[in-house]
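For the sequence shown, our numbering begins at 28 and goes up steadily by one.
Below you'll find the structure, written out as structure tokens, and then a few comments.
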Amino acid sequence: MPPRSCPAAGGMSRPIEVPEYEVQAKVRVEPARTALVVVDMQNDFVREGGGLLVPDAAATVPAIRSMLELARAHEMRVVYSQDTHREGDPEWRIWPEHARAGSWGWEIVRELAPGPDDVVLRKLRYDAFYGTALDHLLRFWGVDTLVICGTVANICVHYTAASAALRWYDVVIPRDAVSALDPFDLESSLRQTAFLFAGRITTAAALICGSR
Ligand code: ZN
């Protein structure tokens, strides 16, 4: 990361750098106790013409696909979150209109279409646990580890990872399978997940299934 400037006391600018965090070369997960959570990979965020385009999101599709293949090959649970808003949603006062229920922009991108055994949870806010059945499902599946990918890294991925960690799930985030509007936001979010939640940061290719 190149140093970034930010306003400091007295109006001066000073460069800041994201502190180091570990990117693990190999992360082994036990498929029966793990869920792959694909956050908000919807046309509005990923596709040109989307209502809240994250320009780097499309580049994460191959990494997410490879993890979906890994998960399905090992019968790992797969959960998608689908950001879902309706007319008058207060989130549209913060962000441009996006993820309107039933619209093209709301749909999950074709390349990552959910399979018949996958669960799609319509979510209301940044946190995929808030107002959804996610925690309930993970508990009765016996899942204790979440591999979380998708967009936006420092918003819906981050708040979902935070909410998972607060419930004592182990969190794994493959850094090439998440995207943000600004690289600083992505890096600071990963650093926060590693530092504060003891989350494991890795890459999609470094994820291995097996009990040992
Ligand atoms: Zn939203």
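Each residue gets a CB set at the ideal place from its N, CA and C atoms; glycine is no exception.
For a quick check, are the C-beta atoms of residue i and residue j less than 8 Å apart?
| i | j | result |
| --- | --- | --- |
| V45 | R227 | no |
| V106 | V146 | yes |
| L173 | Y157 | no |
| A189 | I200 | no |
| V65 | L165 | no |
| F224 | A192 | yes |
| V136 | R92 | no |
Under the DSSP definition of a beta bridge, which residues are partnered with residue i?
| i | result |
| --- | --- |
| R1 | The question about residue 1 has no answer here: the residues shown for the chain are numbered 28 through 239. |
| V65 | Y107 and C176 |
On the three-state DSSP scale, how would you describe residue i?
| i | result |
| --- | --- |
| P58 | helix |
| R40 | It is Ser, not Arg, that sits at residue 40 in the sequence shown. Strand at S40. |
| Q51 | coil |
| L173 | strand |
| V88 | helix |
| M28 | Interpretation of M28 is limited by its pLDDT of 48, a score under 50 that renders its predicted location unreliable; no figure is taken from the coordinates. |
| S130 | coil |
To which residues of the same chain is residue i closer than 6 Å at the C-beta, ignoring the five residues directly before and after it?
| i | result |
| --- | --- |
| S216 | A180, N181 and H185 |
| A90 | D203, A204 and A231 |
List the endpoints of the continuous beta strand (DSSP E) containing residue i.
| i | result |
| --- | --- |
| D197 | D197 to P201 |
| R227 | R227 to T229 |
| L234 | L234 to C236 |
If I measure Cβ to Cβ from residue i and keep anything under 7 Å in the same chain, skipping five residues before and after, which residues do I get?
| i | result |
| --- | --- |
| E102 | P58 |
| A10 | Because the chain here runs from 28 to 239, residue 10 falls outside it and cannot be looked at. |
Tell me which residue opens and which closes the alpha helix (DSSP H) that residue i is part of.
| i | result |
| --- | --- |
| I182 | Looking at the DSSP string, I182 is not in any alpha helix (DSSP H), and its letter there is neither H nor E. |
| I121 | E118 to I121 |
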